[in-house]
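What follows is a short report on a single structure.
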Amino acid sequence: MTTTGKSRPDSDGGDARGNVDRYVPAAIEKKWQTQWESDGIYEASDYIEGKENYFSLVMFPYPSGDIHMGHWFQYSGSDAYARFKRMQGYNVLHPQGFDSFGLPAENAAIERGADPRKWTYSNIDNSRRQFREMGASYDWSRELVTSDPEYYKWNQYWFLQFYKNGLAYRENGQANWCPKDQTTLANEQVKDGVCERCGTTVTRRAMPQWFFAITKYADELLDMDDLDWPEKIKMMQRNWIGRSTGTTIGFDVSEYVAGEQIETFTTRIDTVFGVTFVVLAPEHPLVMKLTQPDQKDVVQAYVENASRQTEIDRTSTEREKTGVATGAYCVNPMNGERVPVLVGDYVLATYGTGAVMGVPAHDERDFVFAKKYDLEIRVVVAPPDWNEEELEEAWISPGIQVNSGEFNGMSSIDAKDAIANDIESNNWGRRTITYHLRDWLISRQRYWGTPIPIIYCDDCGTVPVPEEDLPVKLPENVIFEADGRSPLTKDSNFLNTVCPQCGKPSKRETDTLDTFVCSSWYHLRFASPNSGQSPLNDDQVRAWVPVAAYQGGSEHAVMHLLYSRFFNKALRDLKFVDFDEPYTKLTNQGMLTKNGGKISKRSNPLPPDPVVEQHGADTLRCYLMFLGPWDQGGDWSDSGINGIKRWLNRIWDLAQRDYSVLGGSVSDSAERDLSRIANATSQRVIADMNVFKFNTSIAALMEFTTALMRAHENGNVSVESWRSGVERLLLHAAPLAPHIAEELWQRTGHIGSIHMEMNPSYDESVITADVITLAVQVQGKLRDQIEVPADIDQESAIQAAKMATNVVRHLEGMQIIKEIYVPGRLVNIVVKPF
RNA sequence: GGGGAAGUGGCGAAAUGGCAGACGCGCAUGCCUUAGGAGCAUGUGCCUUAACAGGCGUGUGGGUUCGACUCCCACCUUCCCCA
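Mapping of the first sequence onto our numbering: position 243 corresponds to residue 361, and the numbering continues sequentially without gaps.
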């Protein structure tokens, strides 16, 4: 414990400063948290006369047990921003809730026998407590918990709308399977071949799965020109969608299999005359049909071996590319040549057509492959000054077509089009657009999620649950076993039902929805939280959405943020919303680390509660904001927190100083100086808060704090200037340190909450000083500084600069060849020896 | 391998073409104190110097400019994303 809590009879804060009690955060923070809540000052009205609505949303947490220091970092910043916007006169909606479906609850059930519902809701209670201790300005009246039936009912409703409109479908497919979590994963949830959540190597498994048709929106999702988002996130989404334009062309194999051809996709159709082999994925349906008898054993063994490898291994650039010949040949339609067909495991059946044309001269991978297997390397796009010599490495840049029949002499850029036209007119293939993006796999073979509202009837087939029967509730008291089967498949009360169409006994779907469905539309529900009979209230949605400012981590770049955009567009086309994008402006907070590593409860713990207990919530909030730029994150260290504590202590002391000692000997210049720094501080703080630069906002406020203390000690400012200075300091500090600002606001005689006040205004004309310091350089090196009137003209400034003592020395024996004056900043004199 | 971001005192950082190191930590000296993990004051990039002053300095090497942490080129290192 610190000594701050102990009462001491005299010395500090006493005597001339007006006998003030010490700053004890614990004594004021709880009090104001309770007061704010009972006054409901952060509850947003949908309309306030004369105020513009501003929806400032921060990504809601998964309630894993504790609000950890990373959460404090994220939520302190977003709360400070929301508070700042409120004080700029906006009608701000800043809600909070819990993304409470998901694997950890269920794993806790399997590992420790905890009931997922109890485990989750007790975590939520704890998280609510910690959010309150943070002093965050959330509108708790709009809180939502995604595992509540009132919420997930609408997930089911959206699913049904999507299903009816062809945006949700079920298909047999190879799914990513996590053997540990016993569930399927979307591509986005597989990182480096392992499960994003638990790190287990992902395998593939064939099973019927539900999908959302996100690829229908691939092109529209690429249009992000109007989004005020970090360029990095846009780039990641573009890469993830991975649109590439090219040509599909068929290589005839009818001499082996009647009427068949190998379809290949390429973005470099200009190199098609350089094809010297074709490679099939081991899973390609033509592999066995084409393989010649003497190659059967080799190919079979190769295919079997490939099936045991992960995709990551197979496509790794570290690994040498391997392949085996099938003994068959296919025909290049462009020149009628027969080229060998090989099988190679670096070609994946799931991408493109599952076959690639090999052009060793113009593709690095093919080049290496051809060298290894001694295949022809034929140049068809000539590098500049090429004279038929062999290439040292693949030439992948544009060039001039050679060995390309009628296209010889054309630039390869033009040839792309010309050859594609030729192929299309001969019906050998077609222009094709491919995407890396796959449809969103939403099925999870898990219990703790939203049941998919579908019933399977022997007679009627797949039947959607009627909307009036929603929600399909998750059963309680189910059996958990780590056997790869969802508890829902073993709960006969849940599983067995009757067909809504024919009334015959039928089975429910036992898959639950990916939890990213919950977070794809939660912002809409925050805007219209109380619509019991409909998912949304149109007026409320229109009042608040799209979200003006959205804050969250960049780890959601290709999952949540892409799904949300898709959801919004789908809901727009189904006439539920009338805007194109859900989040207008996005800001990423950086990651908070400890000793350079990720903070984790087990291996690298950093619990916030002890810090709050020792220093108070305001100190912790400000310290986290002061570490560095919010969008860059930072590394936690205990050492700096005292600086912030000292600053808050100084504010505490300063705001309560006895100002009756002032006013006796007011100096005009001291008044002007204080006014100048006061206005300059507001200008800096307002500009910085607007762009989430909390660190420099705090630095400006610290400087202002020091200036106020100096003014008081010198005793030469008026009571009015002093009081308005203190007021200004408290108002600017309020978004960052809400409790101490509120307490001091009250103690300095104000009625009502400081958080309902407006930011102080500033006058730019006051900020400019009448006398300024100019830097004087000779040859660009600083030699002296001069005090001059602020409105000095160029000629006088240069005159004065030349007379500065230390400048004279450097001008001796030199002739001046150039003089530069940067108004208000510096004079630079360029010289050379006579 | 491709794409992106970053590299500044002992430390967190500021400055995005104009006085590098604001603000804070730490450290040093002094004041106050019975006491200090409290408070206040002063100092604090490196080198030379008694001082005035000078030299060097923002990962490395070039370039543009009167002037470069900032812009351009090449390279090194770290982190992130993708393969």
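Positions of the beta carbon are idealized from the N, C-alpha and C atoms, including for glycine.
Alpha helix (DSSP H) segment containing residue i, residue limits
i: L654; result: Premise fails: L654 is in no alpha helix (DSSP H) and is neither H nor E.
i: L679; result: 678-691
i: V837; result: 837-851
i: E422; result: 414-425
i: C617; result: No alpha helix (DSSP H) contains C617, which DSSP labels as neither H nor E.
i: Y491; result: 482-491
i: Q801; result: 786-808
i: L345; result: Taken as a continuous stretch (DSSP letters only), L345 belongs to no alpha helix (DSSP H), as it is neither H nor E.
i: N209; result: Premise fails: N209 lies in the beta strand (DSSP E), 209-211, not in any alpha helix (DSSP H).
Span separating the alpha-carbon of residue i from that of residue j
i: L613; j: E627; result: 8 Å
i: I617; j: V263; result: In the sequence on display, residue 617 carries Cys and not Ile. Whole-angstrom Cα-Cα distance: 31 Å.
i: W272; j: P589; result: 8 Å
i: Y939; j: I890; result: 14 Å
i: A735; j: D727; result: 9 Å
i: Q563; j: L404; result: 33 Å
i: N137; j: D776; result: Note that N137 has pLDDT 48, beneath the 50 cutoff, so the model's placement of it is unreliable and no number is given.
i: A376; j: L408; result: 11 Å
i: I495; j: T321; result: 37 Å
i: D164; j: Q658; result: 7 Å
i: D609; j: V596; result: 7 Å
i: G123; j: V906; result: Here G123 scores only 30 on pLDDT, less than 50, and its place in the model should not be relied on; the value that follows carries that caveat. Going from the Cα of G123 to the Cα of V906 covers about 51 Å.
i: K352; j: D344; result: 11 Å
i: R135; j: R828; result: Residue placement at R135 is flagged as unreliable, the pLDDT there being 40, under the threshold of 50; the coordinate-derived value follows with that caveat. Their backbone Cα atoms lie some 14 Å apart in a straight line.
C-beta contact flag for residue i and residue j at 8 Å
i: A852; j: H830; result: no
i: V417; j: V442; result: yes
i: L339; j: L680; result: yes
i: V486; j: K439; result: yes
i: F822; j: I795; result: yes
i: L642; j: L631; result: no
i: W748; j: T711; result: no
i: A536; j: M528; result: yes
i: L493; j: W358; result: no
i: M452; j: V498; result: no
i: E224; j: Y668; result: no
i: M807; j: S800; result: no
i: M177; j: H674; result: yes
i: A666; j: Y172; result: yes
i: C636; j: F219; result: yes
i: P400; j: V459; result: no
i: A198; j: L854; result: yes
i: E251; j: V730; result: yes
i: A859; j: V894; result: no
i: W190; j: L742; result: yes
Nearest-angstrom beta carbon gap, residue j and residue i [assumed within contact, 8 Å]
i: T363; j: Q410; result: Incorrect: roughly 36 Å between the Cβ atoms, too far for contact.
i: V676; j: M354; result: 6 Å
i: Y475; j: T385; result: Looking at the sequence shown, residue 475 is not Tyr but Met. 11 Å between Cβ atoms; not a contact.
i: A336; j: R361; result: 7 Å
i: A512; j: E482; result: 5 Å
Range of the contiguous beta strand (DSSP E) that encloses residue i
i: W150; result: Unbroken run through W150 is the alpha helix (DSSP H), 143-157; no beta strand (DSSP E).
i: V474; result: 473-476
i: E905; result: 899-907
i: Y172; result: 171-176
i: A446; result: 441-449
i: C575; result: 572-575
i: T264; result: Note, T264: premise wrong, no beta strand (DSSP E); not H, not E.
Beta-ladder partner(s) of residue i, from DSSP
i: M384; result: One detail in the question is off: residue 384 reads as Thr in this sequence, not Met. Answer is T365, bridged to T384.
i: W558; result: F330
i: C296; result: T301
i: A887; result: Looking at the DSSP assignment, A887 forms no beta bridge with any residue, so it has no partner.
i: E937; result: I947
i: N706; result: G670
i: E627; result: Beta-bridge pairing links E627 to no other residue.
i: P582; result: I572
i: S604; result: The partner list for S604 (beta bridge, DSSP) is empty, contrary to what the question assumes.
i: K716; result: T711
Check: residue i C-beta below 7 Å from any heavy atom of the ligand SAH
i: S815; result: Questions concerning the ligand SAH fall outside what the structure shown contains, since it holds no ligand whatsoever.
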